[in-house]
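No gaps in the numbering here: position 26 of the sequence shown is 109 in my numbering, and each next residue is one more.
By construction, the Cβ of each residue, glycine as well, lies at the ideal position given by its N, Cα and C atoms.
Encoded as structure tokens, the structure appears first; notes follow it.
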Amino acid sequence: MTKESYELSAKLLRLGNRGARKAQNRARRAGVRVCYAINNKLVKIKL
């Protein structure tokens with residue numbers, strides 16, 4: 084992997100993590116549960 088592609092993938096990962104964090108905070112304020120699929124099983128997280 085070149086340095087440029089590594090930096091781009093790291094930047095995209097940070098951007099995705101930031102978006103997920105914002106969505107979780109919105110859900111927390113609205114009182115909505117957050118659900119994830121881990122190994123094809125739904126995991127509900129009460130925030």
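Give me the DSSP bridge partner(s) of residue i.
i, result
"Tyr119", "Val126"
Counting along the chain, where does the alpha helix (DSSP H) carrying residue i start and finish?
i, result
"Gly102", "86-113"
Under 9 Å between the Cβ atoms of residue i and residue j?
i, j, result
"Arg116", "Ile128", "yes"
Could one say the Cβ of residue i lies closer than 9 Å to chain D's Cβ atoms, at least one of them?
i, result
"Gly102", "The structure shown has no chain D; it contains just one protein chain."
If you drop the 5 nearest sequence neighbours on each side, which residues of the same chain put their C-beta closer than 7 Å to that of residue i?
i, result
"Met84", "none"
Can you list, in chain order, the residues of its chain with a C-beta nearer than 6 Å to that of residue i? Leave out the 5 residues immediately preceding and following it.
i, result
"Cys118", "Leu125, Lys127"
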